[in-house]
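Here the structure is laid out as structure tokens; the discussion comes afterwards.
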Amino acid sequence: MTDKLLIRYSYNIAANDFIAAGKGSSSIKNTLKSMGIDASTIRRIAIISYEAEINLVIHSYGGMLHCDLYENKIDIITEDKGPGIENIDLALTEGYSTATESVRELGFGAGMGLPNMKKYSDDFDIASSREGTFIKITVLLQEV
Ligand SMILES: Nc1ncnc2c1ncn2[C@@H]1O[C@H](COP(=O)(O)OP(=O)(O)OP(=O)(O)O)[C@@H](O)[C@H]1O
Ligand SMILES: [Mg+2]
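Set out below in structure tokens:
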């Protein structure tokens, strides 16, 4: 029964909203803390969900961030409304970024978000077209 979805937390992420940016991932982190999930797993999920959320704010036309909780794993999922990623291999390359100058002035655009999301995941899935990008990242929970 370990692959049964226990609960889904969902957050609407608006494009270019730098005031709300990070609230979804911060709420996920606090929820997992209150559940007593181990600190290193929470840290990985916090990095993954934050980078995923910020990418929706900066690069997409808006979308959803989901945190799906299972008995033995957590999936962080984003689905956005475009414009999509033309070359996924390139986007996953460390240091590659299309962030504008004004976004770089806010401290983003190192081109490390997607590489780090992949690095901290146990499973990484991405699909993209001009209609939007779908990312599903799995982090396995430790046996207690
Ligand atoms: N949801 C998305 N929709 C469209 N393009 C995206 C999306 N996420 C990432 N990208 C593209 O992939 C590139 C690399 O993303 P990545 O998160 O690694 O770097 P970044 O967001 O530019 O900088 P950083 O995450 O270090 O602040 C982006 O610059 C952008 O071109
Ligand atoms: Mg990024």
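When we follow the numbering used here, the leftmost residue of the sequence shown carries the number 142, and every step to the right adds one. Where is the CB? At the ideal position from N, CA and C, for every residue including glycine.
The Cβ atoms of Ser269 and Gly225 sit closer than 8 Å to each other. Take Asp144, set aside five residues on each side of it, and no residue of its chain has a beta-carbon closer than 6 Å to its own. Asp209: member of the beta strand (DSSP E) spanning 204-211, first to last residue. For Ala155, the Cβ stays outside the 7 Å cut-off from all heavy atoms of ligand 1.
Contact between Leu255 and Leu233 holds: their C-beta atoms lie close to 5 Å from each other, under 8 Å. Counting along the chain, the unbroken alpha helix (DSSP H) around Ser167 starts and ends at 164-175.
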